[in-house]
Amino acid sequence: MSKNKFTRSLAGVAMIATVGAGLLVATPARATAPAVTINIWTFGDVIEPALLRAYKVIHPEVTIALKKADLDPSMTNLTTSCSAYVQSHHLGSPPDIAAVEVSYSGYWRAYPQCFTDMRTLSTSAANANAQSLVPSSSNIAAGLSATDIKNNYLAWRWAQGTGYNDSVIGIPTDVGGLEVAYRTDLFKKAGLPTDRAKVSALWPTWDKFIAVGKQYMTKVSAADKKKGVGFIDNVGTIYAASMNQGTYKYYNNNGTDAGQLVYKVQGNAPVYDPKTKAQKIDPKTKKPMFKKDWVLNPNITKAWDYTIKADNAGIGTRIGQYTSDWNIGMTKGTFATILAPAWMMDYIKGQAPTTSGKWNIASLPGGGGNQGGTQLTIPKWAAHPQEAWDFINWYLAPQQQLTVFKTYGLFPSTKVIYNDPALTGFKDPFFTNAPVGSIYLTGIQKLQPIFEGKLERAIDQAIGAGLGRVAAKKQTSLQSQIQVMIDLDKATK
Amino acid sequence: MAEIATKGRSRPKAAPSPWKQKKRKPSKGGSGVPSLNGKWAYLFIAPFVIMFLIFGLLPVLYSTNLAFYQYDPLSLSQTWVGWDNFKFVLADETFWISLGNTFEIWALSTFPQMLMAIGFAAILRSRFLRGKTFWRTILLVPNITSVIAVAIIFGQLFGRDYGMINNVIGFFGFPHIDFVENSFASHVAVAVMITWRWVGYNSLIFLASMLAIPDELYESASLDGAGAWKQFTNVTLPGLKNTITFVLIVGTIGGLQVYAEPLTLAGTQDGGSSHQLSTLTMYLYNETFINMKYGYGAAIGILITIIVLIISAINFLVTRRVASEDKR
Chain U
1 MSKNKFTRSL
11 AGVAMIATVG
21 AGLLVATPAR
31 ATAPAVTINI
41 WTFGDVIEPA
51 LLRAYKVIHP
61 EVTIALKKAD
71 LDPSMTNLTT
81 SCSAYVQSHH
91 LGSPPDIAAV
101 EVSYSGYWRA
111 YPQCFTDMRT
121 LSTSAANANA
131 QSLVPSSSNI
141 AAGLSATDIK
151 NNYLAWRWAQ
161 GTGYNDSVIG
171 IPTDVGGLEV
181 AYRTDLFKKA
191 GLPTDRAKVS
201 ALWPTWDKFI
211 AVGKQYMTKV
221 SAADKKKGVG
231 FIDNVGTIYA
241 ASMNQGTYKY
251 YNNNGTDAGQ
261 LVYKVQGNAP
271 VYDPKTKAQK
281 IDPKTKKPMF
291 KKDWVLNPNI
301 TKAWDYTIKA
311 DNAGIGTRIG
321 QYTSDWNIGM
331 TKGTFATILA
341 PAWMMDYIKG
351 QAPTTSGKWN
361 IASLPGGGGN
371 QGGTQLTIPK
381 WAAHPQEAWD
391 FINWYLAPQQ
401 QLTVFKTYGL
411 FPSTKVIYND
421 PALTGFKDPF
431 FTNAPVGSIY
441 LTGIQKLQPI
451 FEGKLERAID
461 QAIGAGLGRV
471 AAKKQTSLQS
481 QIQVMIDLDK
491 ATK
Chain Y
1 MAEIATKGRS
11 RPKAAPSPWK
21 QKKRKPSKGG
31 SGVPSLNGKW
41 AYLFIAPFVI
51 MFLIFGLLPV
61 LYSTNLAFYQ
71 YDPLSLSQTW
81 VGWDNFKFVL
91 ADETFWISLG
101 NTFEIWALST
111 FPQMLMAIGF
121 AAILRSRFLR
131 GKTFWRTILL
141 VPNITSVIAV
151 AIIFGQLFGR
161 DYGMINNVIG
171 FFGFPHIDFV
181 ENSFASHVAV
191 AVMITWRWVG
201 YNSLIFLASM
211 LAIPDELYES
221 ASLDGAGAWK
231 QFTNVTLPGL
241 KNTITFVLIV
251 GTIGGLQVYA
261 EPLTLAGTQD
271 GGSSHQLSTL
281 TMYLYNETFI
291 NMKYGYGAAI
301 GILITIIVLI
311 ISAINFLVTR
321 RVASEDKR
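So this is what it looks like as C-alpha cells:
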C-alpha cells in the first residue's frame with residue numbers, strides 16, 4: 001500500500017516537474033490570478049490525488065482542500081452544513097464541492113434548495129485560458145453550463161444527479177457497473193472452466209449461478225467447509241445486484257421530489273401462530289395459511305428469494321464485505337467469486353496483491369449490473385462556485401476519466417469515450433489480462449435507469465439486516481420479511 | 001486560608017473556623033482582591049458558566065423543543081407532533097433492545113472488571129513484587145490507547161473465520177463462535193474491550209485506596225491470627241468500600257455512553273442484523289443522523305436523560321448509605 005502511494009507520488013512529482021518546466025515561459029501572464037481554496041467534502045477514493053496534482057499545474061493559484069469521511073458521516077456533515085444555510089442563510093462556508101453517493105441521490109433530490117443548479121453556471125474564460133497554456137490538458141471551452149455537457153454523459157447516470165424540476169444538482173463521476181470477479185485457479189481445481197466466455201455462459205441467470213455454486217461446493221473438502229470456505233464471498237450482495245436489474249426499487253417516479261413509496265403491495269401474507277411463531281396450518285386443507293395483507297413488492301421478494309436460495313444452498317462464506325476476514329479471505333482463496341463493481345478492482349489489488357494473475361472477470365448473471373457511483377455537487381452556500389464548476393468540468397472531462405479508469409479502475413460516466421480503443425481495449429494483467437473496459441461497458445449498457453427515492457439508504461439497510469437475520473438463522477425468511485415490513489413502516493414514517 | 005490566619009494581627013487564642021475567617025475584613029494594606037467581597041469570583045467562574053450556557057444548557061433546551069416536532073433540518077417549516085415522538089420511541093422494539101444491550105454490556109464489563117482490578121491492586125501492593133513502577137505504568141497503557149484502535153484490533157481478534165480467538169477455539173475442536181451475530185457473544189466481546197481498556201486504570205485507583213489503609217490494622221489482624229486471605233476480606237475490602245462505590249458510579253456513567261466499541265464491531269450504525277450490538281447512544285445516533293429523524297432522536301435523548309437520572313438517584317441513595325455506615 002505505502003509502496004504504491006510512494007510510486008504514485010513519484011509519478012506526480014515527475015508530472016509536475018515536466019509540465020512545470022514547460023510553463024516557466026507562460027508564468028508572467030498568469031501571475032494576476034488571486035489565490036483560491038476549493039474545499040471538497042468526499043468519501044472513499046472519489047477524488048484521486050494524482051489528478052489533483054495535475055490540476056495544480058494548470059491552476060497554481062487553486063488549492064484543493066480534501067476532507068474525507070466515511071460515506072454516512074459525510075452525508076451527515078452535508079445535512080448539517082445545509083441546515084445552517086437554510087436556517088440562517090449563511091453563505092461562504094465549506095464545502096465548495098460535495099460528493100454525493102448514488103444511494104443518497106434520492107435524498108438530496110428532495111432538497112434542491114441545498115444545491116446550485118448547474119445549468120446556471122458557465123465555465124470561465126480565465127479557466128479556458130489557463131488550460132490552453134498547458135499542452136497536456138483537455139481544454140475545457142469557456143461558457144459551458146450543465147446543459148452543454150449533458151450529452152457527454154451516460155443518460156441514466158446523468159438522471160441520478162438531476163432534481164425533480166430538471167435542475168442539475170450533481171455531475172456523475174463514475175459508473176459502478178457490476179460483474180463477477182472470479183479466481184481462475186480455484187475454478188480449475190473445482191473442475192469448472194476458467195475461460196471468461198465459458199464462465200459467463202455457465203450463469204445466464206441467478207438460478208444457474210447458484211447451481212454452479214453448488215457444483216463448486218461439492219468439490220470443496222469437508223475440512224475446508226468447516227473452515228468456512230464458500231463459492232461467493234457474501235450471498236447478501238446478490239440482493240442488490242438482482243434489485244438493480246429490475247425496473248423499479250422502492251419508489252415510483254410520480255413527478256414529486258421524494259417519489260412515491262412502493263415497497264409494499266397488497267398480497268398474500270402468511271398467518272402466524274403467536275405462540276409457536278410458526279406459520280399456521282389450515283386444519284381442513286392441511287396447507288399453510290395466508291391472509292390478504294401488505295407484503296413486500298414483487299421486485300424485492302424476487303431479489304430476496306434469490307439471496308435466500310443462495311444462502312440455503314450454502315454457497316456463501318457469510319464473511320461481511322470490507323471486514324478483516326474479507327481481506328484475508330481474498331488472499332487465502334476462501335471464496336472464488338465476488339460481485340465486483342469496477343471501483344472494487346483497485347481494492348482487490350490493494351488487499352490481495354499476491355493473487356495477481358489469478359483473477360478474471362465474467363459477466364453478471366441476470367443481465368447488466370450497477371453498484372455505487374458518485375455525483376459531484378456544488379452547495380448553494382459555496383464560497384467559490386465558479387472555481388468549483390471549472391474544476392468539476394476539468395476533473396470529470398472524458399480525458400481525465402479515462403486516466404482515472406486506467407489508474408484506479410473507476411469506470412467513466414462519459415459515454416463519448418465508450419468507443420475509444422484506449423477504453424475498450426484496456427486490459428488488466430491483475431485480472432488475467434481481461435479486457436475490463438469492454439466487459440464493464442457491456443454490462444453498463446444493458447442497464448435501465450431506476451428511480452432513486454428519498455430514503456433509499458435506510459430501506460436498503462433494513463432489508464440487508466433482514467437478510468442477515470435469516471443467514472444467521474435468527475428468523476425464518478417469512479418472519480424476517482414481516483419484521484422488515486415493520487422496520488420499513490417505521491423508517492419511512 | 002492559612003495565609004489569612006497568619007496575617008491577622010490579633011490572633012485569637014482558639015483557632016477560629018475557616019468559614020468565620022473568610023468573613024473577616026482584610027487589612028487596608030493587604031492585597032486588593034479580598035476587598036471586592038468576592039465579586040472577582042464571578043469573573044473567574046464566568047468562562048465556565050458562559051460555556052455551559054452555550055454548549056450545555058442551550059442545546060438541552062433546544063433539543064427538548066425539537067422532541068415535539070417532526071423536524072426536518074433542511075426546511076424552514078416544521079410540524080408540531082406533540083408527544084408522538086415519545087410514544088413512537090416507547091413502542092419501538094429497537095429502543096428496548098438497545099436498552100437491554102446497554103445494561104448487559106455494562107454488567108458484563110463492570111463486575112468482572114472490578115474483581116480483576118482489586119486483584120491486580122492487591123498484587124501491586126504486595127511486598128514481594130519487584131519493579132512496581134514498571135507494572136503500574138504497564139497497567140495504564142491500555143487506557144491511553146485510542147478507542148477506535150482498540151476496537152479495530154479486537155475486532156480482528158474476534159473475527160469469526162480467521163480471528164485469533166476462534167483459531168484457538170477451533171484448535172481444541174469446538175465450533176467457531178460468531179462474535180458479531182451471536183447476541184451474547186457479541187456483548188462479551190465488547191465487554192472484553194472495555195475491561196481491557198479500563199481495568200488498569202481502576203487497579204491504580206484501588207491501589208491508592210489500599211495504600212491509604214493504615215498498616216496498624218494489618219498488624220493487629222495478624223496478631224489476631226488472620227492469614228493473608230482473612231486480612232484481605234476483613235481489612236482490605238471494608239477499607240475499599242468507598243472506592244468500590246466510586247468505581248461503580250464512574251463505570252455506570254461510562255457504561256451508558258458505550259459507543260465506539262460496539263459500532264466498530266458491528267460495522268453498521270444500526271448495531272447488526274437484529275440490533276444485537278445497538279446501544280442507547282448508537283440508537284440515538286442512528287435514528288437522528290442516519291435516518292435523519294431529528295425530532296425522534298431528540299425524544300430518545302430525553303428518555304436517555306431520564307434513565308440517567310433514575311440511575312443517579314439510585315447511586316445517590318447507595319452512596320449516602322455507604323457514607324452513613326462509615327460514620328457509625
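Chains as they are written, first to last, in our numbering: chain U, 1 to 493; chain Y, 1 to 328.
Every residue gets a Cβ at the ideal spot worked out from N, C-alpha and C, and that includes glycine.
Original post:
Per DSSP, which one or two residues make a beta bridge with L376/U?
Top reply: In the DSSP output, where bridge partners are listed per residue, L376/U has A99/U and I171/U.
Subject >> Within chain Y, the residues that V86/U reaches when beta carbons sit closer than 9 Å >> reply: Contact annotation for V86/U against chain Y: P73, L74, S75 and L76 [CB-CB distance below 9 Å, chain order].
Original post:
In this structure, does DSSP put Q279/U in helix, strand or coil?
Top reply: In this structure, Q279/U counts as strand in the three-state DSSP scheme.
Original post:
Mapping DSSP to helix, strand and coil, what is F134/Y?
Top reply: Of the three classes helix, strand and coil, the one that applies to F134/Y here is helix, per DSSP.
**OP:** Could you spell out the range, first to last residue, of the beta strand (DSSP E) harbouring F103/Y?
**Re:** Looking at the DSSP string, F103/Y is not in any beta strand (DSSP E); the run it does join, the alpha helix (DSSP H), is E93 to R125.
Subject >> Endpoints, the beta strand (DSSP E) within which W294/U is located >> reply: Here the beta strand (DSSP E) through W294/U covers F290 to L296.
**OP:** List the residues of chain U that R125/Y touches, going by C-beta distances under 7 Å, in chain order.
**Re:** Going along chain U, no residue has its Cβ under 7 Å from R125/Y, so there is no contact; the nearest lies around 39 Å.
Original post:
When DSSP labels each residue in this structure, what does K412/U get in the three-state scheme?
Top reply: In the sequence on display, residue 412/U carries Pro and not Lys. Residue state, collapsed to three classes: strand.
Original post:
Under a Cβ-count criterion, where at least 16 other Cβ atoms within 10 Å of its own Cβ denotes burial, should D390/U be classed as buried or exposed?
Top reply: Burial of D390/U is indicated by the presence of at least 16 other C-beta atoms within 10 angstroms of its C-beta.
**OP:** Go ahead and label P73/Y buried or exposed: buried means 16 or more other beta carbons lie within 10 angstroms of its beta carbon, across all protein chains shown.
**Re:** Counting other Cβ atoms within 10 Å of its Cβ, P73/Y reaches 16 or more and is therefore classed as buried.
Subject >> N85/Y versus L186/U - alpha carbon distance >> reply: Approximately 54 Å between the Cα atoms of the pair.
Original post:
Do three or more CB pairs link the stretch 204-215 of chain Y to the stretch 134-143 of chain Y at distances below 8 Å?
Top reply: Under the 8 Å Cβ criterion, the stretch 204-215 of chain Y counts as touching the stretch 134-143 of chain Y, having at least three qualifying pairs.
Subject >> Expected contact under 8 Å - CB spacing of V271/U and K284/U to nearest Å >> reply: Not confirmed; about 14 Å, so no contact.
**OP:** Check T323/U in the structure and name its three-state DSSP category.
**Re:** Coil, per DSSP.
**OP:** Measure how close the beta-carbons of F231/U and Y250/U come, nearest whole angstrom, since I'm counting them as under 8 Å.
**Re:** About 29 Å; that fails the 8 Å criterion.
**OP:** Using beta-carbon positions only, say whether P412/U and W156/U come within less than 9 Å of one another.
**Re:** In this structure, P412/U lies away from W156/U, with their beta-carbon atoms at least 9 Å apart.
Original post:
Is the CB-CB distance between F430/U and G357/U below 9 Å?
Top reply: Taking 9 Å as the cut-off, the Cβ atoms of F430/U and G357/U count as close.
**OP:** Tell me, please, whether the stretch 317-328 of chain U touches the stretch 207-215 of chain U by the rule of three or more beta-carbon pairs shorter than 8 Å.
**Re:** Between the stretch 317-328 of chain U and the stretch 207-215 of chain U there are fewer than three C-beta pairs closer than 8 Å, too few to call the two in contact.
**OP:** Name, going along the chain, the residues of the stretch 313-339 of chain U whose beta-carbon falls closer than 9 Å to a beta-carbon of chain Y.
**Re:** Along the stretch 313-339 of chain U, the positions whose C-beta sits under 9 Å from a C-beta of chain Y are T317, R318, I319, G320, Y322, T323, S324, D325, I328, G329, K332 and T334, read in chain order.
Original post:
Around the C-beta of N65/Y, are 16 or more other C-beta atoms found within 10 angstroms, so that it is buried, or is it exposed?
Top reply: With a threshold of 16 other beta carbon atoms within 10 Å, N65/Y falls short and is exposed.
**OP:** Please determine, among F335/U, A258/U and N299/U, the residue with the shortest C-alpha to C-alpha distance to Y111/U.
**Re:** Of all alpha-carbon atoms in F335/U, A258/U and N299/U, the one lying nearest the alpha-carbon of Y111/U is that of A258/U.
**OP:** Determine, using beta carbons only, whether L467/U comes closer than 9 Å to chain Y.
**Re:** Interface annotation, L467/U: in contact with chain Y, CB-CB separation under 9 Å.
Original post:
Using DSSP with H/G/I as helix, E/B as strand and the rest coil, what is P238/Y?
Top reply: It is helical.
**OP:** For A29/U, collect the residues of the same chain with a Cβ closer than 7 Å to its Cβ; drop the 5 residues on either side in sequence, then sort them by chain order.
**Re:** For A29/U, the predicted structure reports a pLDDT of 45, less than 50, and the residue's modelled location is therefore unreliable. A value from the coordinates is still provided. Nothing meets the Cβ criterion.
**OP:** Tell me, please, whether the stretch 366-374 of chain U touches the stretch 429-448 of chain U by the rule of three or more beta-carbon pairs shorter than 8 Å.
**Re:** They touch, by the three-pair rule.
Subject >> Contact check, V235/Y vs Y259/Y, beta carbons under 9 Å >> reply: No, the pair does not count as a contact, with Cβ atoms beyond the cut-off.
Original post:
By Cβ distance below 7 Å, which residues in the same chain neighbour I47/U in space, the five residues on each side in sequence not counted?
Top reply: A distance below 7 Å between beta-carbons, with the five flanking residues on each side excluded, links I47/U to the following residues of its chain, in chain order: I40 and L66.
**OP:** Can you grab the Cα-Cα spacing for the pair I238/U / V262/U, in whole Å?
**Re:** Taken atom to atom, the span from the alpha-carbon of I238/U to that of V262/U is near 21 Å.
**OP:** Assign G143/U to one of two classes, buried (16 or more other C-beta atoms within 10 Å of its C-beta) or exposed (fewer than that).
**Re:** By the 10 Å Cβ count, G143/U comes out exposed.
**OP:** Count the CB pairs spanning the stretch 73-82 of chain Y and the stretch 221-228 of chain Y that are closer than 8 Å, and state whether there are at least three.
**Re:** By the C-beta criterion, the stretch 73-82 of chain Y is judged not to be in contact with the stretch 221-228 of chain Y, since fewer than 3 inter-stretch pairs fall below 8 Å.
Original post:
Residues of chain Y with a CB under 8 Å from the CB of S83/U: which are they?
Top reply: Correct list: P73 and L74.
Subject >> Proximity to M114/Y [Cα-Cα], best of T305/Y, I307/Y, W196/Y and L57/Y >> reply: Per the Cα distances, W196/Y.
Original post:
So, helix, strand or coil for I140/U, using DSSP?
Top reply: Reduced to three states, the DSSP call for I140/U is coil.
Subject >> Below-9 Å beta-carbon distance, G297/Y vs any chain U residue >> reply: Not closer than 9 Å to any Cβ of chain U, the Cβ of G297/Y fails to qualify, so no.
Original post:
Counting contacts by CB-CB distance shorter than 9 Å, is V188/Y in contact with chain U?
Top reply: The Cβ of V188/Y sits no closer than 9 Å to any Cβ of chain U.
**OP:** Would you grab the beta carbon distance between A383/U and I290/Y for me? Rounded to a whole angstrom, and I think it's under 8 Å.
**Re:** Contact doesn't hold; Cβ gap of about 28 Å is too wide.
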